[in-house]
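Numbering (this note's numbering), first residue to last: 26 to 311.
Virtual Cβ for every residue (Gly too), placed ideally from N, Cα, C.
Here the structure is a predicted model, which means the values were calculated and not measured.
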């Protein structure tokens, strides 16, 4: 595991440190990346600044970490003889095109520096496959959620922010009218997709949507949390944010056909698991 813990916490992986080698370092440093991939057969590349809003505030940092960091990893993987790199891309590359669901054949139209950085990583992966023979597979994640997400950052994802607020009896904040919709993907499904993509035959250089194939708007998200908690908490609305897209829904047929991908945990079950995790880990919330 190579991580600089800029957006994560060491305690998240502490239970697994007996089974893995941890290198605390940065993808922007090529020598560190070379050390991390030495003797490695498969790389699951999740490292990035993973925030649209943070990229709007800090486009240079996003480019250095997400684009240069990915290029460093591909160079190191090529030189080390890695068999395949699975790259975490993003549904944000589709932008706000009105067509739903999003298919991999659609022309990308990124609306934020983050989305641009993820699309650049896809292109670099495809070039390294075509030019150097390094097998790369890009997975376009749709709004991943699960336990251990940090709700306290100003760039926190919507589900941990809403869940922790509502567990405390507070009103969640929605940017805009709440009609914006997302295809929320529980983390177990994403882990499965990475393992399948690392081993599936004849998928080098390809791109796959990874999601549940269903969408929920933010008002429905609040209503579902209320139903699970047995509460009736109304959201607070504020101005929309720059770079946010209106609707997102994935077509996951290609991943099903070529990777054998299946949705193991549906949205509401995943939401229940997140709520139970926060209740268990932080009793002060309820």
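If we count the other Cβ atoms within 10 Å of its Cβ and call it buried at 16 or more, is residue i buried or exposed?
i, result
"residue 236", "buried"
"residue 63", "exposed"
"residue 45", "exposed"
"residue 240", "buried"
"residue 188", "buried"
"residue 27", "buried"
"residue 36", "exposed"
"residue 87", "buried"
"residue 95", "buried"
"residue 122", "exposed"
"residue 174", "buried"
"residue 114", "buried"
"residue 31", "exposed"
"residue 198", "exposed"
By Cβ distance, which residues of its chain are closer than 8 Å to residue i, with the 5 residues on each side in sequence left out?
i, result
"residue 298", "171, 172, 211, 290"
"residue 97", "52, 53, 54, 55, 58"
"residue 194", "256, 258"
"residue 203", "242, 243, 244, 247, 260, 262"
Can you tell me where the beta strand (DSSP E) with residue i in it begins and where it stops?
i, result
"residue 273", "Where residue 273 is concerned, there is no enclosing beta strand (DSSP E), given that its DSSP letter is neither H nor E."
"residue 233", "231-235"
"residue 199", "198-200"
"residue 188", "That residue, residue 188, is in no beta strand (DSSP E); its alpha helix (DSSP H) goes 183-192."
"residue 134", "Neither: residue 134 is in no beta strand (DSSP E) and is coded neither H nor E."
"residue 57", "Where residue 57 is concerned, there is no enclosing beta strand (DSSP E), although the alpha helix (DSSP H) it sits in stretches over 55-62."
"residue 113", "109-115"
"residue 68", "67-70"
What is the C-beta distance between residue i and residue j, in whole angstroms, given that I count them as a contact (C-beta under 8 Å)?
i, j, result
"residue 103", "residue 67", "Wrong, their Cβ atoms sit about 14 Å apart, outside the cutoff."
"residue 243", "residue 205", "6 Å"
"residue 192", "residue 304", "7 Å"
"residue 200", "residue 138", "That belief does not hold up - the Cβ atoms of residue 200 and residue 138 are roughly 18 Å apart, past 8 Å."
"residue 275", "residue 238", "6 Å"
Could you spell out the range, first to last residue, of the alpha helix (DSSP H) harbouring residue i?
i, result
"residue 163", "Taken as a continuous stretch (DSSP letters only), residue 163 belongs to no alpha helix (DSSP H), being part of the beta strand (DSSP E) at 160-166."
"residue 153", "138-157"
"residue 80", "77-82"
"residue 261", "Note, residue 261: premise wrong, no alpha helix (DSSP H); beta strand (DSSP E) at 261-263."
"residue 125", "Element bounds for residue 125: n/a, residue is neither H nor E."
"residue 214", "212-224"
"residue 303", "292-306"
"residue 73", "First-last for residue 73: undefined, no H or E at that position."
Once you ignore the five residues that flank residue i on each side, which residues in its own chain have a CB closer than 7 Å to its CB?
i, result
"residue 29", "49, 50, 51"
"residue 169", "210, 212, 215"
"residue 267", "81"
"residue 255", "none"
"residue 153", "99, 103, 159, 161"
"residue 271", "121, 205"
Apart from the five residues on each side of it in sequence, which residues of its chain come closer than 6 Å, Cβ to Cβ, to residue i?
i, result
"residue 145", "92"
"residue 295", "211"
"residue 118", "133, 135, 140, 143, 144"
"residue 150", "112, 161, 163"
"residue 302", "172"
"residue 116", "165, 167, 273"
Could you check whether the region 259-269 touches the region 213-224, counting it as contact only if at least three pairs of C-beta atoms, one from each stretch, sit closer than 8 Å?
no
Stretch-stretch touch, CB-based, cutoff 8 Å, three pairs: the region 125-142 with the region 226-236:
yes
Flag this pair as touching only if the region 101-116 and the region 142-161 have three or more C-beta atom pairs under 8 Å; answer yes or no.
By the Cβ criterion, the region 101-116 is in contact with the region 142-161, since at least three pairs of Cβ atoms, one from each stretch, lie closer than 8 Å.
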